[in-house]
Amino acid sequence: MPPKGQSKSSAKAQKAKAKKERLLLEARMRECQEKCAEARGYLEPTGRSAEPNFTKAKTALDAAFEAYDASSLAFFMLGQWNRMQGMYREAIESYSHALDMEPTNVQVLEWRGNCYQTLHDYVHAIEDNTSIVSLDPENDHAYNMRGLCVLQRSISGLRLRSVDFESCVRDFSTAVRLNEANYYAMANLGKVYEVQGHLEKAIEWYGKALDSSERYAYARFRRGCAALRMAERLLLRREEEEGCSDSDVPDAVAGTAKAWHDNSIKHMVEATSLANSRVPGGATREAVKTEVRQEMEQEEEAQTVARLLKLADSDFTLLLDRSPEAEKLTADPTVVLNIGICALLSKNINKAEEYLNLAQDIVVKRQDLVEDGDTPPLKHSDAFNSVLTIRLEELQKLKDMARSST
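See below:
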């Protein structure tokens with residue numbers, strides 16, 4: 256057993272050593288934080304034309320890890336460095352290291368979820384946003400992003416499953432309830448209703464998003480699309496009803512004749528009643544009422560179609576008018592095409608011809624503009640050209656009808 260004095264001296268030396276090590280560790284951690292702050296400054300520079308300096312940011316991060324390699328902040332900043340350069344898998348790896356050290360860091364979860372979403376890994380993106388909601392139930396952004404992931408993982412062109420539709424509506428509605436200014440969630444509510452075919456609700460929610468942010472181009476474009484689609488749906492339904500009305504008459508007559516043979520006494524009584532209800536001209540009161548009601552419904556429907564086409568045309572025109580007159584060939588051809596379709600359905604031949612031809616010109620000259628770097632390539636060009644061809648054929652038929660009527 257060492258002497259009592261020696262034992263006290265040893266304990267004192269150990270405490271001094273521990274204190275020195277702690278002070279050294281604190282100094283390394285401070286240096287790491289300072290270097291992380293330096294890296295953030297390079298990644299998020301202030302100023303109107305400031306651009307990130309990735310080289311200097313990486314140098315600062317290397318120094319941060321050299322000073323202290325167990326910092327969740329350093330791994331988070333490395334994740335940001337990777338993400339901002341489009342290296343999403345590497346970013347996810349860095350964010351995951353940060354979360355190993357600090358699993359409840361909401362900011363890291365948000366950015367990792369964002370990277371998963373960008374890579375279309377919606378399962379993991381939903382998991383991260385669910386974790387955020389459990390940690391921060393008032394986080395409207397997480398509700399919006401979780402709903403968006405469910406919406407984005409659906410198959411394009413098909414309606415959502417009932418469970419997914421209800422989940423999206425619940426999450427987007429919660430986001431709006433938590434933040435009445437969250438116009439992203441409002442527009443996403445519009446989109447989920449549009450996907451599901453509830454066009455009136457879709458138009459309503461896109462409108463609310465625009466009330467909150469008038470310059471939100473996505474909501475304006477989607478509202479225009481929903482209004483145009485609803486107008487065309489009503490027009491097609493009316494054409495189908497008018498087309499089958501004549502073929503319905505023989506069936507109705509045959510059914511009436513069969514009923515007379517089945518129960519002549521009953522129909523004799525009904526015939527007496529029918530005769531009493533006739534009005535001058537041979538029609539029955541009920542038939543007249545039905546005809547008047549149908550005419551009123553048709554008139555109301557025609558007004559609805561006109562209102563929808565006017566709304567769609569207004570939305571698309573506002574989007575197009577943001578481009579200078581001299582650069583119309585660089586405008587979004589889908590917007591131009593939709594203006595032409597609105598005019599076509601409104602039977603405005605001159606305007607339809609102007610915008611459908613402009614859409615055609617944009618497509619023809621698009622490749623040269625893309626090569627010059629003036630505009631991005633046209634997505635889904637085959638589908639676009641097919642629609643344009645169909646609409647040009649419809650325009651030609653409308654022009655032929657107009658000529659024949661004169």
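Using our numbering, you'd call the opening residue of the sequence shown number 256 and step up by one each time.
Just so it is clear, CB atoms sit at the ideal spot from N, CA and C, and this is done for glycine as well.
Euclidean distance between Cα positions of residue i and residue j
i	j	result
residue 395	residue 574	28 Å
residue 399	residue 390	16 Å
residue 523	residue 542	For residue 523, the predicted structure reports a pLDDT of 33, less than 50, and the residue's modelled location is therefore unreliable. A value from the coordinates is still provided. Their Cα atoms are separated by approximately 19 Å.
residue 409	residue 392	26 Å
residue 283	residue 319	9 Å
residue 365	residue 354	11 Å
residue 653	residue 473	32 Å
residue 411	residue 375	14 Å
residue 406	residue 633	24 Å
residue 300	residue 285	22 Å
residue 640	residue 647	10 Å
residue 277	residue 448	58 Å
residue 346	residue 587	33 Å
residue 343	residue 349	10 Å
residue 352	residue 401	23 Å
residue 302	residue 614	38 Å
residue 454	residue 629	35 Å
residue 443	residue 279	51 Å
residue 317	residue 635	43 Å
residue 608	residue 540	46 Å
residue 439	residue 619	34 Å
residue 494	residue 456	24 Å
Environment of residue i [buried if 16+ CB atoms lie within 10 Å]
i	result
residue 332	buried
residue 290	buried
residue 477	buried
residue 386	buried
residue 567	buried
residue 359	exposed
residue 605	exposed
residue 267	exposed
residue 436	exposed
residue 475	buried
residue 645	exposed
residue 236	Past the boundaries of the shown model lies residue 236; the chain is included only from 256 to 661, so the question cannot be answered.
residue 661	exposed
residue 232	As shown, the chain starts at 256 and ends at 661. That puts residue 232 outside it, with no answer to give.
residue 611	buried
residue 602	exposed
residue 452	exposed
residue 656	exposed
residue 498	exposed
residue 383	buried
residue 416	exposed
Nonlocal neighbours in the same chain, by C-beta distance under 6 Å from residue i, ignoring five residues either side
i	result
residue 380	368, 371, 372 and 404
residue 429	398
residue 582	none
residue 625	632
Neighbourhood of residue i by C-beta, 7 Å cutoff - its chain only, sequence neighbours within 5 removed
i	result
residue 649	599
residue 549	none
residue 298	307, 312, 335, 336 and 339
residue 490	560 and 600
residue 309	336 and 340
residue 616	584
residue 461	442, 445, 474, 477, 478 and 481
Close beta carbons around residue i, own chain, < 8 Å, minus the five adjacent residues each side
i	result
residue 357	327 and 363
residue 525	With a pLDDT of only 38 at residue 525, under the threshold of 50, the placement of this residue in the model should not be trusted; the figure read from the coordinates follows. So the list is empty, once near-sequence residues are dropped.
residue 593	479, 480, 483, 567 and 571
residue 643	592, 611, 614, 615 and 618
query: If you pair each beta-carbon of the region 560-575 with each one of the region 483-490, do three or more pairs fall below 8 Å?
result: The way I'd put it, the region 560-575 does touch the region 483-490; three or more beta-carbon pairs between them come closer than 8 Å.
Inter-stretch contact (C-beta, 8 Å, three-pair minimum) for the region 458-475 and the region 540-556: Between the region 458-475 and the region 540-556 there are fewer than three inter-stretch CB-CB distances shorter than 8 Å, so the stretches are not counted as touching.
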